[in-house]
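*Asks:*
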Amino acid sequence: MKATILIVLIYLLLLSSCYKGEKVDLIIHNGEIHSMNEKGETFEAIAIRNGKIIELGPNRQILNKYRSKEILDAKGKSIYPGLMDSHGHIMMYIQKKLSANLVGIQSYSEMINTIREFKKTSPHDVIIGRGWDQSLWKSNEIPNNELLNKAFPNTPVCLYRVDEHLALLNNSMLQLIGCDSIENIQGGVIEKINNIKTGILMDNALNLITPYLPEHSYKERLNAFKEIEHELLSYGITGVHEAGISNDDLHFLEKAINKNEISLNIYAMLLPSKKNIDFAKKNGPYINKNLNIRSFKVYGDGSLGSRGALLKKPYHDANKIHGTLITPRNKLNEIALMCEQVGYQMNIHAIGDSMISMAIDVLKELNEINKDHRSRIEHVQIIDHKDLNLLSKYGIYPSVQPTHAITDQRWVINRIGEKRKKMAYAYKSILSNTQIIAIGTDFPVEITDPYRTIYAAVKRKNTNNYPENGFLANESISIEECIKGMTIWSAISSFQENKLGSLEEGKDATFIILENPIEVGKEFKRNNASKTYILGELKFDLNKL
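In my numbering, the protein residues as written are 1021 to 1565.
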């Protein structure tokens, strides 16, 4: 009798265990899960184990099939793969946080007052400021250093423009970096008027400043990184294509990754220094936890705002200037060949139509060697429409930042004139040819908020709904296309589509639950993540702020 009872108890226990279902770490149900898979499917529930997606499906199916100590009711909220910023600068943002903040400054005098206040608490002998934009000033002209010299006759001061392609230095800083003995520099500009240096340095000339920048400790840099990471996670950004890192940046990232102090997925593009090239030759495509390195970022030209973007015809408002070729053609070819030899992607910063044409010529040779090289052109701001079909023909991935169009619309027609405006920020035309586009912000040049990016891409307006009819509105793209550009297309453009970019069985459980649905109406509405998960772990929770 006792044996019979024991057998029945064991049977009931087994039956109960089967009924409870397969154990997982997390179940989320009652959600609107946008998988971003090829079919564009949506689901209600998801099961997660060991940082991977086990299954997606209807509520009843997932709740009956799986059991977990943690079950979350999403209450109908939208769920998406973690957003990726396809072109950002965390390391630059760190430096910006550790410098005088000149973003939004309305005049030269306000800039000087800001530097005076920063100097009072700065422990460094050299004063660095970042983020000024003369297009916000009444004069709208790039300044010289006359007022800066009067305000700081003995303290070296260097003030980077918002695009970081141009800086204003006082005479004390020019002397410190030895600029008096240098007249010209390849791929850069040391501006002189009437044979007198104005204090303006552009592009490769900025390399003269680097050895004299204040040094910051690992702890200072990490604290700044954590602030940036929290900001990104709060928006639902779980990964960044870090667009150009030095060898020193690489060592910082590796140290932080090895100490598990960084949660974001970082797809890092190396700058082509000797040390970084040696690293690539030694390691090949490199993955260390959430740090992925298999690309080089090469600066082709400068920025449009600083008149450094390389144009086929002169600038409309400076008819003797075509822009700056930062990296000569022969060097671009040399780097391209190196990239293919070490298995790295080549990403060329190209803003002006002349530079984009040159970049295409360089990258088409890579396509002839390797059809899946996935080379990229970063920015693609002013493109000759004759070149549009060449992007897809040679397997070149465009990487764009829609908020640039909205920020630049204040002055871009002055730079290029009415006849060339149809070539500007032509995202719909580009996408029609390539069928894929990677989307980012270029922060800290722009704000990290991806919902501003979506609004800019779809409405071609800023958050104040300006301009009324949209800037070159015929080049707008859809909400779905923009989200793809920050999820699955971003993943494809960085060789990460097998892990990230969509919510599918076997992929990383990296996703966001949004506070509000992604919508684009008559007015911009702020949005953010309610919860952000990376590999199934909660990294941001709005309710715990």
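Even glycine gets a Cβ: it sits at the ideal position worked out from N, Cα and C.
Smallest Cα separation from Asn1224: which of Pro1348, Ile1416 and Lys1406?
*Replies:* Pro1348
*Asks:* Helix, strand or coil for Gly1060, going by three-state DSSP, please let me know.
*Replies:* coil
*Asks:* Buried or exposed, going by whether 16 or more other CB atoms sit within 10 Å of the CB of Asn1285?
*Replies:* buried
*Asks:* Using 10 angstroms around the beta-carbon of Leu1035, count the other beta-carbons present and answer buried if the total reaches 16, otherwise exposed.
*Replies:* With a pLDDT of 42 at Leu1035, under the threshold of 50, the modelled position of that residue is not reliable, and the figure given next carries that caveat. It counts as exposed.
*Asks:* Could you spell out the range, first to last residue, of the alpha helix (DSSP H) harbouring Glu1269?
*Replies:* The sequence as given places Asp at residue 1269; Glu does not occur at that position. It spans Asn1267 to Asn1278 - the alpha helix (DSSP H) in which Asp1269 sits, taken as one unbroken run.
*Asks:* Quick one, are the C-beta atoms of Val1182 and Val1123 less than 8 Å apart?
*Replies:* yes
*Asks:* In whole angstroms, what is the alpha-carbon distance linking Arg1546 and Gly1108?
*Replies:* 21 Å
*Asks:* Measuring CB to CB, does Ala1065 end up less than 8 Å from Asn1079?
*Replies:* yes
*Asks:* Can you tell me where the alpha helix (DSSP H) with Gly1505 in it begins and where it stops?
*Replies:* Ile1499 to Gly1505
*Asks:* What did DSSP end up calling Ile1282 once you bin it into helix, strand or coil?
*Replies:* coil
*Asks:* My understanding is that Ser1395 touches Ala1458, with C-beta atoms under 8 Å, so please give their C-beta distance in whole angstroms.
*Replies:* Going by Cβ atoms, the distance from Ser1395 to Ala1458 rounds to 12 Å, so no, they are not a contact pair.
*Asks:* When DSSP builds the beta bridges, which residues end up paired with Val1400?
*Replies:* DSSP lists no partner for Val1400.
*Asks:* Can you give me the Cβ contacts of Ile1554 inside the same chain, cut-off strictly under 6 Å, excluding the 5 residues immediately before and after it?
*Replies:* Counting only Cβ-Cβ distances below 6 Å, and skipping sequence neighbours, we find Thr1258, Ser1283 and Thr1530.
*Asks:* Does the distance from the C-beta atom of Ala1187 to that of Leu1233 stay below 8 Å?
*Replies:* no
*Asks:* Please specify which runs of the alpha helix (DSSP H), each continuous and at least 4 residues long, are wholly inside the segment 1341–1424, giving them in chain order.
*Replies:* 1349–1362, 1373–1389 and 1408–1413
*Asks:* From what residue to what residue does the alpha helix (DSSP H) around His1470 run?
*Replies:* Reading off the sequence shown, one finds Pro at residue 1470, where the question assumed His. Looking at the DSSP string, the run of the alpha helix (DSSP H) that includes Pro1470 is Pro1470 to Lys1479.
*Asks:* On a Cα-Cα basis, can you pick out the residue from Asn1280, Lys1217 and Ser1498 that is closest to Leu1242?
*Replies:* Of the candidates Asn1280, Lys1217 and Ser1498, the one whose C-alpha sits nearest the C-alpha of Leu1242 is Asn1280.
*Asks:* Please report the distance separating the alpha-carbon of Leu966 from that of Gly1151.
*Replies:* Since the displayed the chain opens at 1021 and closes at 1565, residue 966 lies outside it and no answer follows.
*Asks:* By how many angstroms is the C-alpha of Lys1246 removed from the C-alpha of Ile1027?
*Replies:* Its pLDDT being 48, under 50, Ile1027 is placed unreliably in this model, and the value from its coordinates should be taken loosely. Each residue's alpha carbon lies about 57 Å from the other.
*Asks:* Below 8 Å on the Cβ atoms is my contact criterion, and I expect Thr1507 with Met1104 to pass it. Report the Cβ-Cβ distance as a whole number of Å.
*Replies:* 7 Å
*Asks:* Can you look up Ile1432 in the DSSP assignment and give me helix, strand or coil?
*Replies:* One detail in the question is off: residue 1432 reads as Val in this sequence, not Ile. Three-state result, Val1432: helix.
*Asks:* Which residues bound the alpha helix (DSSP H) around Asp1298?
*Replies:* Lys1294 to Asn1303
*Asks:* Short of 7 Å in beta carbon distance, which residues of its chain neighbour Cys1038, apart from the five on each side in sequence? Order them along the chain.
*Replies:* Unreliable placement is indicated for Cys1038, whose pLDDT of 45 sits below 50; the coordinate value is still reported in the next sentence. Closer than 7 Å at Cβ, skipping near neighbours: no residue.
*Asks:* Who are the near neighbours of Gly1490 in its chain, counting only those whose CB is closer than 8 Å to its CB and skipping five residues on each side?
*Replies:* Lys1479, Arg1480, Lys1481 and Ser1496
*Asks:* Can we say the segment 1518–1525 touches the segment 1047–1058, given the rule of at least three CB pairs closer than 8 Å?
*Replies:* Segments in contact, yes.
*Asks:* Take Tyr1319 as the anchor and find which of Arg1440, Leu1345 and Asp1404 has the nearest alpha-carbon.
*Replies:* Ranking Arg1440, Leu1345 and Asp1404 by Cα distance to Tyr1319 puts Leu1345 first.
*Asks:* Within 8 Å, do at least three Cβ pairs link the segment 1303–1310 to the segment 1147–1163?
*Replies:* no
*Asks:* Smallest Cα separation from Asn1267: which of Glu1251, Glu1274 and Lys1295?
*Replies:* Lys1295
*Asks:* Using the Cα positions of Tyr1335 and Thr1468, report the straight-line distance between them to the nearest angstrom.
*Replies:* 30 Å
*Asks:* Just reading off the beta strand (DSSP E) that Tyr1100 is part of, what are its end residues?
*Replies:* Ser1098 to Pro1101
*Asks:* Do you know offhand how far Ala1379's Cα is from Ile1368's?
*Replies:* Going from the Cα of Ala1379 to the Cα of Ile1368 covers about 7 Å.
*Asks:* Counting pairs of beta carbons, one from the segment 1322–1335 and one from the segment 1353–1365, are three or more of them closer than 8 Å?
*Replies:* no
*Asks:* Quick check on Tyr1553: does DSSP put it in helix, strand or coil?
*Replies:* strand
*Asks:* Nearest CA to the CA of Gly1325: which residue from Asn1434, Ala1244 and Asp1381?
*Replies:* Asn1434
*Asks:* Assess, as a yes-or-no matter, whether the segment 1447–1454 is touched by the segment 1407–1414 under the definition of 3 or more beta carbon pairs within less than 8 Å.
*Replies:* The answer is yes - the segment 1447–1454 touches the segment 1407–1414, with three or more Cβ pairs under 8 Å.
*Asks:* Please report the straight-line C-alpha distance between Asn1563 and Ile1229, rounded to a whole angstrom.
*Replies:* Taking the straight line joining both Cα atoms gives about 44 Å.
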